[in-house]
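Participant: Residue numbers (the working numbering), protein chains in the order written: chain V, 5 to 127; chain C, 27 to 636; chain Z, -7 to 281; chain D, 268 to 396. Virtual Cβ for every residue (Gly too), placed ideally from N, Cα, C.
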Ligand SMILES: Cc1cc2nc3c(=O)[nH]c(=O)nc-3n(C[C@H](O)[C@H](O)[C@H](O)COP(=O)(O)OP(=O)(O)OC[C@H]3O[C@@H](n4cnc5c(N)ncnc54)[C@H](O)[C@@H]3O)c2cc1C
Ligand code: HEM
Ligand code: SF4
Ligand code: F3S
Ligand code: FES
């Protein structure tokens, strides 16, 4: 049986979230690329510009959600791939919690960076 | 080497075997199935058309029985025919209750369609794959009940006591050869062995039957002392693909497909075989017409004629006969939208088999048979379409129940040599039966031994047989088999005459003699199909002989059996069953009476016209 | 002279079957026609007639000295129009080497014994025309299954997968004796394709996910689909079935590779069925939130 | 006694020449997914320089952007992202049961479109170097 500790760890929840985040990511990732490579060129990026964008609440929230969604989507994908390669038992638990911790660290760091980027001017 | 002990051992896991196992299990018996193929690989899966059952208002089992009797050309036994027709509705609904995916009417009930020879549209079906669904549905029930299945386990011989009179013998089990490991296993049956090994289609080079249809059950029961009944009645289907024998259904001719010879003539009309019905004449008429054309030099390669449906137009063909396109392209490499399909007659069904009564019991205590390997007899000299599948479930269930009870039950049909009413005076041109020091025993062993001893003893004999075959550096059985098939196809086909049948008996004898020299060249114990097929070939030889002998004896034209210079049905002389008993290696042909006396009425032989 | 019956064991309901012909089947017809035309154009197939084809067959036997190391044997088989790969194998066995071992029985794509790896794809030997293949024809046992001998593979994993989904109808609430359960035509149509499975194992062998032994596999899931979608079975059992296929080894393992659907000799839209079950499962669980 | 022969892992990936469209899509999707999550980590790491102050951030970014190789890697990243998005959309439709019959065509379309977008974006990415 899959680990049915809570209804949220059911495999179908992760499956569904993987799709939901994907849908969200399609939009945001496209937006992100357009903005930072085509509208503003990457080589012209300066912290000042970044701060200008980041201090708009809408943009900030979008970027943080982007980070959270992307991390969940990516890490969950990696976990699924490893499970499909047949990792079992303890290895599997280690991988699982390892990935969860890594993701949390990534998100924490990401938010911290984003917060810094607002330059404390978030309105 | 192991002994497995169960109450009931079912040999064969086609429709009949599965139904028998379920029935025995429901009686509370500990059942095991022993089968050379995994159950879902059984040839029951190939049946397309349907299951006859009188289910609806306006229909009755009596009408079904009447049709069946008429179809059998009055060679069916009334108690068997009536049992079939009475039990079929219940058994068919049972399948539905087990979830079988029947085709449905608007109101959600099981559909029925008209079929040749039936006075009412009473054929229930599941698309064009009725047999597939029937087989899988019953296998599912076997899984549900946790019935033990020993699959890829080839049963080589029955373990039967050695009393002089077959009617005194008791069957205690059988010997299986585990194909995967090469081990021999003894199977001890406390109450009964049910044989359900299907038909012997491989007697012919060209057949709609599977490669596994070697009639092992008939041959084993025969050698153990149960007579084979009415074996000369073989149904040939007129439209099968030449390279594989795959059946092209009557649907094509029904829709308007036309048969041509190599001269481009529509021979069914132009050569006067069936001036009214043409291509739609009955199976045997069409089959004989095709063979005549080929014999007279108007055939295509592979002894085929052409079945053309191109004029029906692509739309109609893809709409109604799509699966024919697949069959012809997959199995013959011919696109029927572009070119005519080559077809020729092929062996389709064996009406004869192991003599049983309406409970599936043979004359040997503890030995039962059901399905195509048995002859109860319901089909007489000709089987109606859609009557074989109900036979599997009706008599499968009965055989299973009775085998579980372990008690002989009363029956209206008598079995065994004591049922003999007449001795035959047919003279075979050659000696029949055992050749010299035959590697195969009769299956007979010890008189008053315990069941385990009987099985053990047979096991020992069979081991010797295997060792001998493995050690012999002899000829390949395949050569013998193909000679056998060739002579059967040449001489015991849709056209039969005395000279040909005698020739066949001589050829069969020659095969028997050559078989003395066969050896298995594959040295491996793992999955040695060479060994298995070598044993099968021996079984085919035994049956070929019985079949041909019966055909030689029967000097009349009845049902599927046609004889040159005897082209009419002779009711005064031939309303009787042909029986061949192995007799310890010295086969004997005799006759028993046909029972036309039904529960309430007597079935009067009438001219079979439709 | 007709004292004989005209019988018909036919596909008389071909008509109803066609009404809603699944796209997969339609595609197959088209593909076949294309192939056929190609063949016609490239060479009259009578050209291959009289020729010999080269069959390269995988050989292995744990018990026989020189077969312990797997190898390929060459067989030269005289070609006949209509010859299938199975025919060529039978010919090789009966004429050259009686120890050549492979499962086969029906020769008509219904027993499911002879799924093989032919020129790089899972197919039924009996259903594959030699004419449609490039030469030489390479025949191997099904990948991802252990080889017992020559072309014979161990099917236990496959059978276990099938058994795991409780592959039998379980409705206790049945109408009395001679009454059938009602099922409407649409529902029968819905399960029709899924009931066609012949247990050949081609799908399982083609699926990379099923290569590890921790996935039920497309055929077993399709079997579950066959019952979940069958309205004759009640709610409670459907619930239980959904739970089974949602387990660890179940539907979530499928990564929509489609190779199962591509190889299925019975044209069963396996990926579609698996996806539908995933959605069914999600819907079912959403109900409880 | 019988024993059977396990052909091992070669089976799984040694047969790549015989893969069909759906299988290739699966392989590419995996690959691109891994690249993307890998990049996400790198990306956050690079951006973390913002914590050190504007000059650090600006010089790191511009220093990286000055490297031709980085520019090409960006094109690669775009291609990877575009393929993953397009095939991801394809997979989402498959999940919804839409267009299963055209799954191979939609895969090829994703590939072609990815190629076109990647090539088309080269000028933009190489601009200002
Ligand atoms: C193409 C075709 C279409 C048909 N269509 C119809 C139809 O529409 N309607 C109809 O009523 N009938 C039809 N029939 C006839 C009917 O299908 C068969 O008569 C019937 O299926 C036979 O079933 P069975 O259970 O007796 O044997 P089978 O299904 O042949 O099973 C035989 C079993 O015995 C096992 N076995 C054999 N030998 C051994 C051994 N030595 N040791 C262990 N096991 C052994 C096999 O493994 C197998 O499991 C058709 C037949 C064919 C060939
Ligand atoms: C932008 C839109 C995106 C879409 C539409 C999308 C879509 C998908 C889908 C549907 C899957 C699941 C495949 C499956 O389970 O069968 C998936 C897997 C995955 N995605 Fe994305 N994704 C997107 C962006 C991203 C991003 C930004 C990342 C990285 C952070 C990412 C990393 C992954 C990874 C690692 C996998 C697992 C791959 C595997 O199976 O090994 N994806 N994606
Ligand atoms: S689903 Fe298709 S490929 Fe898979 S076992 Fe069944 S018939 Fe074979
Ligand atoms: S090949 Fe395998 S991944 Fe899914 S679509 Fe078929 S089961
Ligand atoms: S031999 Fe039965 S499926 Fe090919």
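Starting from the Cα of residue 166 of chain Z, find the closest Cα among Z/208, Z/224, Z/146 and give me that residue.
Facilitator: For this step, residue 166 of chain Z is matched to residue 174 along the third chain. The shortest C-alpha separation from residue 166 of chain Z is found at Z/224.
Participant: Roughly how many angstroms separate the alpha carbons of residue 34 of chain C and residue 46 of chain Z, rounded to a whole number?
Facilitator: In the second chain, counting from the first residue as 1, residue 34 of chain C sits at position 8. In the third chain, counting from the first residue as 1, residue 46 of chain Z sits at position 54. Between residue 34 of chain C and residue 46 of chain Z, the C-alpha separation is close to 48 Å.
Participant: In the region 178 to 214 of chain Z, which residue ranges form an unbroken alpha helix (DSSP H) of at least 4 residues, counting only runs that do not cross its ends?
Facilitator: The region 178 to 214 of chain Z contains these whole alpha helix (DSSP H) runs: 194 to 198.
Participant: Give the interface partners of residue 121 of chain Z over in chain C, defined as CB-CB distance under 9 Å, in chain order.
Facilitator: Translated into positions along the third chain, residue 121 of chain Z becomes position 129. In chain order: 355, 356, 357, 358, 359.
Participant: Starting from the C-beta of residue 216 of chain C, find all residues in its chain whose C-beta is less than 6 Å away, skip the five residues before and the five after it, and write them out in chain order.
Facilitator: For the purposes of this step, residue 216 of chain C is identified with residue 190 of the second chain, where counting begins at 1. So the list reads 33, once near-sequence residues are dropped.
Participant: For residue 55 of chain C and residue 115 of chain C, what's the separation of their Cα atoms in angstroms?
Facilitator: The residue labelled residue 55 of chain C in the question sits at position 29 within the second chain. The residue labelled residue 115 of chain C in the question sits at position 89 within the second chain. So the alpha carbons of these two residues sit roughly 25 Å apart.
Participant: Would DSSP call residue 256 of chain Z helix, strand or coil?
Facilitator: Numbered from 1 along the third chain, position 264 holds the residue referred to as residue 256 of chain Z. In this structure, residue 256 of chain Z counts as coil in the three-state DSSP scheme.
Participant: Any chance the region 67 to 76 of chain C sits against the region 95 to 102 of chain Z, with 3 or more Cβ pairs inside 8 Å?
Facilitator: Yes: at least three Cβ pairs fall under 8 Å.
Participant: Would residue 232 of chain C and residue 265 of chain C qualify as a contact pair, given that the criterion is a beta-carbon distance under 8 Å?
Facilitator: Here residue 232 of chain C corresponds to residue number 206 of the second chain, with the count starting at 1. Here residue 265 of chain C corresponds to residue number 239 of the second chain, with the count starting at 1. No, the pair does not count as a contact, with Cβ atoms beyond the cut-off.
Participant: Buried or exposed: which applies to residue 12 of chain Z, given that a residue is buried once 16 or more other Cβ atoms fall within 10 Å of its Cβ?
Facilitator: Mapped onto the third chain, residue 12 of chain Z falls at position 20. At residue 12 of chain Z, the pLDDT of 46 sits below 50, so the modelled position is not reliable; the number obtained from the coordinates is stated separately. Flag for residue 12 of chain Z reads exposed.
Participant: What's the gap between the Cα of residue 574 of chain C and the Cα of residue 608 of chain C?
Facilitator: Looking up residue 574 of chain C in the second chain gives position 548. Looking up residue 608 of chain C in the second chain gives position 582. Each residue's Cα considered, the two are about 14 Å apart.
Participant: Taking residue 114 of chain Z as part of the beta strand (DSSP E), name the residues at either end of that continuous run.
Facilitator: Residue mapping note: residue 114 of chain Z aligns to position 122 of the third chain, counting from 1. Residues 113 to 116.
Participant: Compile a chain-ordered list of the residues in the region 367 to 395 of chain D whose CB is closer than 9 Å to at least one CB of chain V.
Facilitator: Those would be 388, 391, 392, 394, 395, in chain order.
Participant: Would you call the region 162 to 171 of chain C and the region 439 to 447 of chain C in contact, with 3 or more CB pairs under 8 Å?
Facilitator: The region 162 to 171 of chain C vs the region 439 to 447 of chain C: no contact.
Participant: Quick check: is the beta carbon of residue 204 of chain Z nearer than 8 Å to any beta carbon in chain V?
Facilitator: Counting from one through the third chain, the residue named residue 204 of chain Z turns up at place 212. By this cut-off, residue 204 of chain Z is an interface position.
Participant: How big is the Cα-Cα spacing for residue 368 of chain C and residue 29 of chain V?
Facilitator: For the purposes of this step, residue 368 of chain C is identified with residue 342 of the second chain, where counting begins at 1. For the purposes of this step, residue 29 of chain V is identified with residue 25 of the first chain, where counting begins at 1. Rounded to the nearest angstrom, the two C-alpha atoms are 59 Å apart.
Participant: Exposed or buried, what is residue 296 of chain D when buried is set at 16 or more other beta-carbons lying within 10 Å of its beta-carbon?
Facilitator: Here the question's residue 296 of chain D lines up with position 29 in the fourth chain. Buried, because 16 or more other Cβ atoms sit within 10 Å of the Cβ of residue 296 of chain D.
Participant: If you draw a straight line from the alpha carbon of residue 236 of chain Z to that of residue 175 of chain Z, how long is it in whole angstroms?
Facilitator: If you number the third chain from 1, residue 236 of chain Z lands on position 244. If you number the third chain from 1, residue 175 of chain Z lands on position 183. C-alpha separation (whole angstroms): 24 Å.
Participant: Quick one: measure Cβ to Cβ for residue 311 of chain D and residue 114 of chain V, integer angstroms, because I've assumed they're closer than 8 Å.
Facilitator: As a working note, residue 311 of chain D is residue 44 in the fourth chain. As a working note, residue 114 of chain V is residue 110 in the first chain. Confirmed, Cβ separation roughly 5 Å.
Participant: Can you list every residue whose CB sits closer than 7 Å to some heavy atom of ligand 3, going in chain order?
Facilitator: Taking each Cβ in turn, the ones that pass are Z/104, Z/107, Z/188, Z/189, Z/190, Z/191, Z/192, Z/193, Z/194, Z/195, Z/196, Z/210, Z/211, Z/214, Z/252, Z/255, Z/256, Z/257, Z/258, Z/260, Z/262.
Participant: Would you say residue 300 of chain D reaches chain V, if we count a Cβ-Cβ gap shorter than 8 Å as a contact?
Facilitator: Counted from its first residue, the fourth chain places residue 300 of chain D at position 33. Yes, residue 300 of chain D counts as interfacial toward chain V.
Participant: Check whether the Cβ atoms of residue 157 of chain Z and residue 215 of chain Z sit closer than 8 Å, and answer yes or no.
Facilitator: Here residue 157 of chain Z refers to the residue found at position 165 of the third chain. Here residue 215 of chain Z refers to the residue found at position 223 of the third chain. Yes, they are a contact pair.
Participant: Taking any Cβ of chain V, which residues in the region 259 to 279 of chain Z have a Cβ under 8 Å from it, in chain order?
Facilitator: The residues in question are 270, 273, 274, 277.
Participant: Is residue 198 of chain Z near ligand 4 - that is, is its Cβ less than 7 Å away from at least one heavy atom of it?
Facilitator: Along the third chain, one-based indexing puts residue 198 of chain Z at 206. Residue 198 of chain Z: yes, Cβ under 7 Å from ligand 4.
Participant: May I ask you to check if the CB of residue 101 of chain Z is nearer than 7 Å to at least one heavy atom of ligand 5?
Facilitator: Locating residue 101 of chain Z in the third chain gives position 109, where the first residue counts as 1. Yes, ligand 5 has a heavy atom inside 7 Å of this Cβ.
Participant: Measuring from the CB of residue 118 of chain C, is there a heavy atom of ligand 1 at a distance below 7 Å?
Facilitator: Within the second chain, the letter at position 92 stands for residue 118 of chain C. Residue 118 of chain C Cβ: outside cutoff for every heavy atom of ligand 1.
Participant: Does the beta-carbon of residue 250 of chain Z, which I'm using as the reference point, lie nearer than 7 Å to any heavy atom of ligand 4?
Facilitator: If you number the third chain from 1, residue 250 of chain Z lands on position 258. Yes.
Participant: At 9 Å on the CB atoms, spell out the chain D contacts of residue 186 of chain Z, in chain order.
Facilitator: Translated into positions along the third chain, residue 186 of chain Z becomes position 194. Chain D residues near residue 186 of chain Z: none, gap ~15 Å exceeds 9 Å.
Participant: So residue 193 of chain C packs on residue 431 of chain C, CB below 8 Å; how close in whole Å?
Facilitator: For the purposes of this step, residue 193 of chain C is identified with residue 167 of the second chain, where counting begins at 1. For the purposes of this step, residue 431 of chain C is identified with residue 405 of the second chain, where counting begins at 1. About 19 Å; that fails the 8 Å criterion.
Participant: Take the Cβ of residue 453 of chain C as the centre, count every other Cβ of all protein chains shown within 10 Å, and call the residue buried at 16 or more, exposed below.
Facilitator: Start at 1 with the first residue of the second chain, and residue 453 of chain C comes out as number 427. Exposed, because fewer than 16 other Cβ atoms sit within 10 Å of the Cβ of residue 453 of chain C.
Participant: What is the rounded straight-line gap between the Cα of residue 327 of chain D and the Cα of residue 153 of chain Z?
Facilitator: Looking up residue 327 of chain D in the fourth chain gives position 60. Looking up residue 153 of chain Z in the third chain gives position 161. Their backbone Cα atoms lie some 55 Å apart in a straight line.
Participant: Does chain D have any CB closer than 8 Å to the CB of residue 251 of chain Z?
Facilitator: The sequence position of residue 251 of chain Z within the third chain is 259, counting from 1. Taking Cβ atoms only, chain D reaches closer than 8 Å to residue 251 of chain Z, which makes this a yes.
Participant: Residue 259 of chain Z: which of Z/59, Z/185, Z/170, Z/192 sits nearest, CA to CA?
Facilitator: To locate residue 259 of chain Z, count along the third chain from 1; it is residue 267. Residue Z/185 is the option with its Cα nearest to residue 259 of chain Z.
Participant: Between V/19, V/48, V/39, which has its C-alpha nearest residue 333 of chain D's C-alpha?
Facilitator: For the purposes of this step, residue 333 of chain D is taken as residue 66 along the fourth chain, with counting starting at 1. Nearest option by C-alpha distance: V/48.
Participant: Can you give, in chain order, each stretch of the alpha helix (DSSP H) that sits fully within the region 102 to 184 of chain C and has at least 4 residues?
Facilitator: Here the runs fully enclosed are 104 to 123, 156 to 170.
Participant: Which same chain residues end up closer than 6 Å to residue 401 of chain D when comparing Cβ atoms and leaving out the 5 residues on each side of it in sequence?
Facilitator: Look at the range of chain D in this structure, 268 to 396, and you will see that residue 401 of chain D is not part of it.
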